[in-house]
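Undergrad:
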Amino acid sequence: MDENSSAGQPITEAQALERLEQRQDPSQRYYAAWWLGRMRCDSPKAISLLLEALRNVLNDAASTDELMVARNAARALGKLKAPKAIPSLLEALEHTDHDLREAAARSLGESGDQRAIPALLKTLSHSQIDAKAASTARLDQPCEALLEAIGYLAKGSQDTSICDELQRFCLHPRPMVQSAACRALVLVSGNGHWAEGILKLLNDPEPLIRRGAVLDLGASGWRDAAPAIAKCAAESNIKLLALRQLLEQPLEGPAPAALGSGERQLLNLMDGLL
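See the structure below:
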């Protein structure tokens, strides 16, 4: 190994590729897969090695180390938006490893490839949504990741069949799944009415749920939520991030080049949090 062989040390793309290609040290491969995604290294060799790391666990019984590398490879492929990765990411949705399914779902959402919607809906349909889901340590499916991915990919489609499936999760016993479902419904339907379910969670006694609701409202693009976001008992940096999303990615379409009254209101709310 080179002198920067310790995981976490600054490396070059060539060094990252070398680390991912070797098979002796899983920690080096794990870091390299993360690094290639983080740095958006989309060279043919990078994509090929990341795909190899992912496919390695799809075809054979995998060790824990191999699964950890594959999860980072799946995440990296999403950041790189590599069309060649879609078939393998779709296959990963059916893997027995929960964390790999979650990584695949998020990456499919990032990919922007709408061909993934049916598979995401199919996986979501297998999710447990009854009262038992509230008490389990981990849900049987990565519902939040699946819902977020569907929301991104079907944004603005107003597809009633998709909305019907998403609505079932608005009654999920876990608040963060409810929030993710409402967020997806806002994006798919274009109707801010569905954000009402998220607004209620801004008053939840659990800080983690309040933070998640703030971020989901920001990601929904529904600007009417801005005052409620600013007043929520959550950290200012979280609220600023959500308000910035509303400013830059409004539900109704691209943000206007010139500042209008809506943009000025958002900027004033952001100034009040600084």
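Going by numbering that gives the first Met the number 0, the residue at position 85 of the sequence shown is 84; the numbering climbs one at a time, nothing skipped.
Each residue gets a CB set at the ideal place from its N, CA and C atoms; glycine is no exception.
Remember, predicted model here, so these are calculated numbers, not experimental data.
Hey, which unbroken runs of the alpha helix (DSSP H) at 4 residues or more fall wholly within the region 220-253?
TA: The qualifying runs are 225-230 and 235-247.
Undergrad: How should Q140 be labelled, buried or exposed, when 16 other C-beta atoms within 10 angstroms of its C-beta is the threshold for buried?
TA: It is buried - the Cβ of Q140 has at least 16 other Cβ atoms within 10 Å.
Undergrad: Using the beta-carbon count (16 or more within 10 Å), is E2 buried or exposed?
TA: Caution applies to E2, whose pLDDT of 38 falls short of 50 and renders its modelled position unreliable; the value that the coordinates give is listed next. Label assigned to E2: exposed.
Undergrad: Which class does N202 belong to by DSSP, given the choice of helix, strand or coil?
TA: Helix.
Undergrad: Where do the ends of the alpha helix (DSSP H) carrying Q27 lie?
TA: Note, Q27: alpha helix (DSSP H), P25 to R37.
Undergrad: With DSSP run on the structure shown, which of helix, strand or coil describes C40?
TA: Note: C40 maps to coil in three-state DSSP.
Undergrad: Less than 8 angstroms between the beta carbons of A334 and L246, yes or no?
TA: The structure shown does not extend to residue 334, since the chain is modelled only from 0 through 273, so no value can be given for it.
Undergrad: Compare the Cα-Cα distances from E143 to each of L239, R182 and V68 and report the closest residue.
TA: The shortest Cα separation from E143 among L239, R182 and V68 belongs to R182.
Undergrad: Shortest alpha-carbon distance to D158 belongs to which of A103, L170, P174 and G189?
TA: Of the listed residues, the one whose Cα sits closest to D158 is G189.
Undergrad: Please classify H171: does DSSP put it in a helix, a strand, or coil?
TA: If DSSP states are grouped into helix, strand and coil, H171 belongs with coil.
Undergrad: Count the other CB atoms, across all protein chains shown, that sit within 10 Å of the CB of L165; report buried if there are 16 or more and exposed otherwise.
TA: By the 10 Å Cβ count, L165 comes out buried.
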